[in-house]
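Inspection log for the structure reproduced underneath, given as structure tokens.
Residue numbers (the numbering used here): 3 to 157.
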């Protein structure tokens, strides 16, 4: 029996690397804020059609590492303008999501403050991200439905 495995953010990266892919620092540096993830319409199993999801979903991101090369036999099922492998699946039992479907805007704002206090980002970058955060909202319900359906075997 194949257990379902869902990797979120660092888990996405660990899963990608454990399956033979390559991870590393994102070429564009920290990715903090909201990203639009484009869901693949060419997925071999067409996993999104059963959930009637839109072609694009907004998600919260907070990372500076990423999956840079897909594991053999894995398939990209989501990408963004900044991250080429936002989501991948491996067979029907493993899926990775680079972003945070579970995060709220409040959690993101708290993380920005922590990263600033730890001198991992500079004030001007933090202010820029905070300003953009006020303009966006994550599609949390759609992400919840997607994750639950995957874990329950509905995808």
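A virtual CB, placed ideally from N, CA and C, is assigned to each residue, including glycine.
Own chain partners of residue i with C-beta closer than 7 Å, once the 5 adjacent residues on each side are dropped
i: residue 67; result: 15, 25, 26, 27, 28
i: residue 131; result: 34, 35, 114
Test item: CB-CB of residue i and residue j under 9 Å
i: residue 96; j: residue 148; result: no
i: residue 103; j: residue 140; result: yes
i: residue 63; j: residue 87; result: no
i: residue 79; j: residue 42; result: yes
i: residue 117; j: residue 128; result: yes
i: residue 98; j: residue 8; result: yes
i: residue 85; j: residue 60; result: no
i: residue 72; j: residue 144; result: no
Collapsed DSSP secondary structure at residue i in the structure displayed
i: residue 91; result: strand
i: residue 60; result: strand
i: residue 9; result: strand
i: residue 108; result: helix
i: residue 99; result: strand
Close-in-space but distant-in-sequence residues of the same chain around residue i (CB under 8 Å, 5 per side omitted)
i: residue 93; result: 4, 75
Buried versus exposed, by CB contacts within 10 Å (16 or more), residue i
i: residue 122; result: exposed
i: residue 100; result: buried
i: residue 69; result: buried
i: residue 90; result: buried
Per DSSP, the bridge partner or partners of residue i
i: residue 137; result: Answer is none; residue 137 lacks a bridge partner.
i: residue 81; result: 40
i: residue 25; result: 69
i: residue 34; result: 64
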